[in-house]
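Residue numbers (the working numbering): 376 to 534.
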């Protein structure tokens, strides 16, 4: 009986991990679809309004802050690769441009996703406003300074 309970717990943990990974990939795919790209020159502005919903769901479903660090790494890497595909055209520098940006975005999300985890624990009435403010702060920090990279802001599809 104890073995069966242990197996059930392992299955639930694995199912949660798969769900979190799928939400991260869905959010990055929606974000990339919303932005102007080679296939859809103006992007899909309506998707821009909902592209972060799966990300916020995964942050709310994450069981621990530590989990959000790894999910943030995955989210940042996928988001970078899907939204910055055009960096591949820097022949001779492709590895540095794509790899550098993906590494930087992954670091940003490894640092910021635990903060989103904390903000997900506020009163549900204020949660959307807290998330919006936190995302705005993230994008502001990403867009200033020597290492600023303002491409792929959430306002671009709807602006």
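We treat Cβ as the ideally placed atom computed from N, Cα and C, and that holds for glycine.
This one's a predicted model, so the numbers in the text were calculated from it and none came from an experiment.
Can you give me the C-alpha to C-alpha distance between residue 505 and residue 490, rounded to a whole angstrom? Roughly 11 angstroms separates the two Cα atoms.
Just curious, the alpha helix (DSSP H) that residue 516 is in, first and last residue? Here the alpha helix (DSSP H) through residue 516 covers 502–517.
So, are the CB atoms of residue 532 and residue 410 less than 8 angstroms apart? A contact, by the Cβ cut-off of 8 angstroms.
First and last residue of the alpha helix (DSSP H) that includes residue 330? The shown model of the chain, from 376 to 534, leaves out residue 330, and the question about it has no answer.
Count the C-beta pairs between the segment 471–487 and the segment 448–460 that are closer than 8 angstroms, then say yes if the count reaches three, no if not. Output reads yes: the segment 448–460 touches the segment 471–487.
The segment 413–422 touching the segment 392–399, judged by at least three CB pairs closer than 8 angstroms: Too few Cβ pairs lie closer than 8 angstroms, so no.
Starting from residue 453, trace the alpha helix (DSSP H) both ways and give me its first and last residue. Where residue 453 is concerned, the enclosing alpha helix (DSSP H) stretches over 440–458.
What is the rounded straight-line gap between the Cα of residue 432 and the Cα of residue 480? It is roughly 20 angstroms from the alpha-carbon of residue 432 to the alpha-carbon of residue 480.
Where does the unbroken alpha helix (DSSP H) through residue 421 begin, and where does it stop? Looking at the DSSP string, the run of the alpha helix (DSSP H) that includes residue 421 is 420–423.
To the nearest angstrom, how far is it from the Cα of residue 476 to the Cα of residue 440? Approximately 24 angstroms between the Cα atoms of the pair.
Beta-carbon within less than 6 angstroms of residue 487's beta-carbon, same chain only, minus the 5 sequence neighbours each way: which residues are those? Sequence-distant partners of residue 487 (beyond 5 residues in either direction) whose C-beta falls short of 6 angstroms from its own C-beta, in its chain, are 513.
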